[in-house]
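A quick write-up on the structure given underneath.
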Amino acid sequence: MTAGTVAPVWRAGIAGMRTTAGFLLLSLAAAAFVFGAYLLMAPQEGAGGHGSWRKAAPSVEVTPVAFHRFVDRIEALGTARAVESVTLTAQVTETVARIHFDDGQVVRKGTVLVELDHAEEDAQLAEARAQLQEAERQLKRIRELVARGNATEAALDQQLRDVAQARARVAQVQARIATRIIRAPFDGVLGLRQVSVGALVTPGTVITTIDDITPILLDFSVPERFLSALAVGQDIRARAAAFPDRLFSGRITAIAPRVDPVTRAVTVRAELPNEDQLLRPGMLLEVAVIGRSRRALAVPEEALLLIGRQHYVYVIRPDGTAERRRVTIGQRLPGIVEIAAGLQPAEKVVVAGILRLRPGVKVHILKEHPPAGDSRPAAAG
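Under my numbering, the first residue of the sequence shown is numbered -12, with each subsequent residue one higher.
Written as structure tokens, this is what we have:
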């Protein structure tokens, strides 16, 4: 290849490079022009200027902080217990002769429930009573003889001892019969029958159970920090999962004198009327101890903002800007929350539009709702 053919190719390459560089320079100049125009049109916030692109203030709905009546409540889980509860068992080895009750029957104290075979003891009792009658007849005769001087005082004393022995013998046989007749020890509801007629029972064999559940007791544990808020006679309310629409009322009857060193809780016992016998021993109930009534500041539940483990609300300052303020909450009620610290009466908190807010932003109040409490807010100050 000759030198004449190489030179044109080299010149063409140089020309292409120049064209590309010129295009890049023009693009950079256009970008700089657009950026400069943006800077000129942007609002000068430091100088208080108002640009044509200024963002509109977010619209929010607010409500004033107000007072609401709260009732102190201590909530716990409790277990129902019978006032009296006994497992009835056999005391001797014997055959079941008769059964006088049905499963779940309500009985009175002293009602005969089960009879074990006591035919032999009945015969022994008849014999003992006959011996007693004879001894008493002889005692009467000897007393008459002593009165006429035909018998000695020693004979009278001996006959008195015979009568006493005969009475003891009768009482002894009656006691053996009593161990073979099982009675209700108190008024209550019987459990399920565990034996049948003809079965051989031994000492400890379970016959059935009996529970006095009118009224019924309710035991529950309360953390020791609430001990000062508890008192005998205090009202409680309870609910059972079996009757979710039924509210049971009662009163505290006893507070344990000791605090459990492991759980740091004290056991409280309450008594609930149970005339319809819906509550049964062993049932789990949700318990609420009703304390004093008080008035406290409250806000709607939707005003709360949870960040981590802390609660906040947005408060609208007098200049129309939003302040994110940390609050301490207390008791919760449906749709309303007690504010224990962090707010003042009549301050306005945001209840709608919270997610669009940032601390310090100026807002537009679209609507002001009535107070969430049960009274009008007091004047601030």
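Ideal Cβ positions, reconstructed from N, Cα and C, are used throughout, including at glycine.
Keep in mind it's a predicted model, so treat the numbers as computed, not measured.
Could you check where the beta strand (DSSP E) with residue i kicks off and where it finishes?
i: V338; result: K335 to A339
i: D59; result: A53 to T76
i: S215; result: Here S215 belongs to no beta strand (DSSP E), and DSSP marks it neither H nor E.
i: R343; result: From DSSP, R343 is part of no beta strand (DSSP E); its letter is neither H nor E.
i: R282; result: L271 to P287
i: A257; result: A252 to L259
i: R170; result: I168 to R170
i: H351; result: H351 to E355
If residue i and residue j are in contact, beta carbons under 8 Å, what's the gap, nearest whole angstrom?
i: T196; j: T74; result: 5 Å
i: A218; j: I239; result: 7 Å
i: P346; j: A290; result: Not quite, the Cβ-Cβ distance comes to about 16 Å (not below 8 Å), so this is no contact.
i: L271; j: I203; result: The pair is not a contact, with the Cβ atoms about 13 Å apart (cut-off 8 Å).
i: L187; j: A225; result: In fact, because the Cβ distance is near 44 Å, the residues do not count as touching under 8 Å.
i: V324; j: E288; result: 5 Å
i: E48; j: H356; result: 6 Å
i: D206; j: I277; result: Contact flag wrong, Cβ pair sits at about 18 Å.
i: L103; j: T82; result: 7 Å
i: V314; j: A252; result: Actually they are not in contact, since the Cβ atoms of V314 and A252 sit about 29 Å apart, beyond 8 Å.
The alpha helix (DSSP H) with residue i in it runs from where to where?
i: V157; result: E140 to A165
i: P186; result: Sequence check: residue 186 is Ala here, not Pro. Run containing A186: none; DSSP gives neither H nor E here.
Provide the residue(s) that pair with residue i in DSSP beta bridges, ordered along the chain.
i: F235; result: A225
i: R130; result: Looking at the DSSP assignment, R130 forms no beta bridge with any residue, so it has no partner.
i: R319; result: V324
i: I86; result: V101
i: L292; result: Y299
i: E107; result: Answer is none; E107 lacks a bridge partner.
i: L177; result: I197
i: A241; result: R256
i: R311; result: Y301
i: E123; result: Answer is none; E123 lacks a bridge partner.
i: L205; result: A67 and A257
i: V249; result: In DSSP, V249 forms no bridge with anything.
Would you please verify whether the beta carbon of residue i is less than 7 Å from any beta carbon of chain B?
i: A257; result: Included in the structure is just one protein chain, with no chain B present.
Evaluate the contact criterion for the region 297 to 308 versus the region 334 to 352: three or more CB pairs, one atom per stretch, below 8 Å.
yes
The region 246 to 266 contacting the region 283 to 291, beta-carbon criterion three pairs below 8 Å
no
Taking contact to mean 3 or more Cβ pairs, one atom from each stretch, closer than 8 Å, check whether the region 57 to 77 and the region 317 to 325 are in contact.
Between the region 57 to 77 and the region 317 to 325, the count of C-beta pairs closer than 8 Å reaches three or more; the two stretches touch.
Kindly confirm or deny that the region 165 to 182 and the region 225 to 245 touch, where touching means at least three C-beta pairs closer than 8 Å.
no
Would you call the region 125 to 135 and the region 145 to 164 touching, i.e. three or more CB-CB distances under 8 Å?
The region 125 to 135 vs the region 145 to 164: in contact.
Quick check: the region 153 to 160 against the region 97 to 117, are there 3 or more CB pairs under 8 Å?
yes
Should the region 90 to 99 be regarded as contacting the region 170 to 177, the criterion being three or more beta carbon pairs within less than 8 Å?
yes
Do the region 99 to 107 and the region 79 to 89 touch if we need at least three Cβ pairs shorter than 8 Å?
Remark: three or more beta-carbon pairs, one from each stretch, lie closer than 8 Å, so the region 99 to 107 and the region 79 to 89 are flagged as touching.
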